[in-house]
Amino acid sequence: CVQALKGGMREKVQLATKFAIRILEGGKMDVCGDPAYVREACEASLKRLDIDCIDLYYVHRIDTRVPIEITVVDKFNFIFIDEKAHVALYLISFMPCFYQMGALKKLVEESKIKYIGLSEASPNTIRRAHVVHPITAIQLEWSLWTRDAEEEVISTCRELGIGIIPYSPLGKGFFTSSPQMVEKLPENDFRQVYRSEKNYLFNIILRLINIILGALIFVTVPRFQPENVEYNKKLYEQVNVIATRKGCTISQLALAWVHHQGDDVSPIPGTTKIENFNQNVGALSIKLTPDEMVELESIATADAVKGERDEKAHVALYLISFMPCFYQMGALKKLVEESKIKYIGLSEASPNTIRRAHVVHPITAIQLEWSLWTRDAEEEVISTCRELGIGIIPYSPLGKGFFTSSPQMVEKLPENDFRQVYRSEKNYLFNIILRLINIILGALIFVTVPRFQPENVEYNKKLYEQVNVIATRKGCTISQLALAWVHHQGDDVSPIPGTTKIENFNQNVGALSIKLTPDEMVELESIATADAVKGERYPSSHMAFTWRFANTPPLSSLKAK
């Protein structure tokens, strides 16, 4: 890139690059958008590219933990993903981004960058950012099988005179050779990484990461999965019929459709092969009539595609897991107003965070770990919930399975079970991979539970045995008694024991019929004290993401900066 810009070429091109995600020491990925980092990233890009000014600077990821108007937030870290793209528009990707706008505006004033862009921004974020400084371009996914942004985002851009940069205009490669291309993808291709039996271990790990991190890390594309490809190939075939009639390839037709959306649209199809590059250039010569555009759009409807464009969770109760959450409350409140979600809940939130969030919008439920061997939240979190009238959703009410058959169950756990995954010498490779993930992601993925480790199990089984004595006396299983104890905490408590086996499900249902007297509750609680359990509920690094450490900075402190 540096050499290509020499010899007077710099004045002939518009150069765009982006900032946001960075890799910290130890391999951990972080997203950072505070003004100091914005400047640091920009200066570093200028130095690497050996130029005086970036034309278009994209904020490639946006920190959702801070107000978009605030530029000084110290929580937006980005990876320099593709300086090879030679872009001068700095895109803010995956909102919120507005908090960097002041710093970006300053860079424009200093002639360090010329234009500012956002990526995957909501209409509201675009409008708010545009007030601080004119936005030049919006990057978003737009293709024949991803058209959800047309009604709101595209119309907002056109109202404000903002350019549109569609990425993945070929549907992440779907509109290329044939749907059979899915079968030919490398085993570790993110679009269908789960499909390979040979890569089973890798697949399981990525599934775990996706479950834990949600949309923060995309490890597969649902539309490319076997259960959806068969359905989606109908769209491919219909579009291909038109391409054949036009005398072009399906990829050229799909790309031409995006080009024909308007002069304010500049798609960026990615490729590493010269033949694909030539195909993309050829798409510029494809002319589509208004009737052909209508025909394509009548085929490429929302119900013509099965599967989300990226893996994500769809929930009626939107839980913010692992605080801080306060900065998301405004956005969540907006989703309630738009009828996109009904209620808002927090997970592992501190009393202070709960109170602050509740001021912005009523919180419906708090999710927290609560069982006979995890009772630390009772004094502060539970009392706060009851004071504010918030429902309580205890997860792991059976102590992550400890209160099931016997402490010996630990020895019977599958080798890759996260509770004691490091124990097995046979599964050495799996253990090493999980350790590496833990180093990279820090507290975001749980790869072992100290209470299940050999040095603690012997001590903890005393609690098991004492509870089991009472269960035997009651004529129920220990799991039913442990779950009944949680149910008896009050009508505002709804535990969520996880299970994949029908017999365990039946056991859990049976717990509803177990009646405990006040004396029996006292007896159980006199046994299940803090010193009756040895080992933390998560590794020390992970405990930092539990409710005790979930206070967020005051909003006023951000504004002050």
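Under the numbering used here, think of the first position of the sequence shown as 744, with each following residue one higher.
Backbone N, C-alpha and C fix where the C-beta goes; we use that ideal spot for every residue, glycine too.
Please read all numbers here as calculations on a predicted model, not as lab measurements.
Closest to residue i by C-alpha separation, out of the options, would be which residue?
i	options	result
H1002	L767, G906, N1095 and L748	G906
Q1223	V1229, A1254, F1195 and V1212	A1254
I859	E1018, A872, N867 and D1046	A872
F967	E1130, H876, F917 and K849	F917
M1036	A1026, L978, A999 and V875	A999
A1214	G1233, I1245, T1243 and E1266	E1266
L758	A1271, G1025, I764 and V745	V745
I869	S898, E1040 and S886	S898
V1079	I1106, E1208, S1269 and N1095	I1106
W721	K1204, P1238, L1031 and P1033	Because the chain in this structure spans residues 744 to 1304, residue 721 falls outside the shown range and cannot be described.
I985	S1139, N1247, E973 and L1031	L1031
C1219	H1231, P1033 and I1257	I1257
K848	S865, E863, P866 and V874	V874
K1244	A1271, G1144, Y1202 and A1120	G1144
R753	S788, E783 and D795	D795
P877	M1264, L903 and Q1004	L903
E1081	N867, T919 and T1272	N867
A1120	R765, E894, T919 and T1272	T1272
R765	L861, A787 and V1192	A787
S865	N1249, T1096, E894 and K989	E894
N1199	E863, A1275, S854 and E970	A1275
G1233	N1095, Q1004, S1093 and I1125	I1125
E1268	T1242, E1246 and H1231	H1231
L789	S854, G750, S862 and V756	S854
Are the Cβ atoms of residue i and residue j separated by less than 8 Å?
i	j	result
A1227	L1259	yes
T1147	R1280	no
V1236	P1137	yes
I908	S1009	yes
A1108	G1132	no
R1194	G1278	yes
L913	A997	yes
N1251	P1261	no
T1289	E1123	no
R901	D1007	yes
I1221	V1229	no
T1127	R1099	no
Y910	I1011	yes
T846	V896	A quick correction: the sequence has Ala, not Thr, at residue 846. No.
N1023	T1015	no
Q995	A1026	yes
Name the DSSP bridge partner or partners of residue i?
i	result
P1137	L1111
T889	S886
P909	L883
D773	R765
L799	A759 and Y858
T1289	Paired residues: none, contrary to the question.
V1008	I907
T1117	S1114
How many whole angstroms separate the CB atoms of residue i and residue j, which I take to be in contact at a CB cut-off of 8 Å?
i	j	result
G1142	L1115	7 Å
C785	I856	6 Å
T879	L792	That pair is no contact at about 19 Å.
Y975	K1085	In the sequence as presented, Tyr is not what sits at residue 975; that position holds Asn. At roughly 30 Å, the Cβ-Cβ gap does not stay under 8 Å, so N975 and K1085 are not in contact.
H1101	K1076	Contact doesn't hold; Cβ gap of about 12 Å is too wide.
W888	A763	About 26 Å; that fails the 8 Å criterion.
A1047	L978	5 Å
I1350	C991	Any question about residue 1350 goes unanswered here, given that the chain covers just 744 to 1304.
A1225	P1140	7 Å
E852	P965	Actually they are not in contact, since the Cβ atoms of E852 and P965 sit about 44 Å apart, beyond 8 Å.
Taking 7 Å as the cut-off, is the CB of residue i close to at least one heavy atom of the ligand PLP?
i	result
G916	This structure lacks the ligand PLP, and indeed carries no ligand of any kind.
| message | Runs of 4 residues minimum, wholly inside the stretch 1208 to 1269: which ones carry the alpha helix (DSSP H) assignment? | response | 1221 to 1230 and 1245 to 1253
| task | May I have a chain-ordered list of the beta strand (DSSP E) segments no shorter than 3 residues that lie completely inside the stretch 999 to 1053? | result | none
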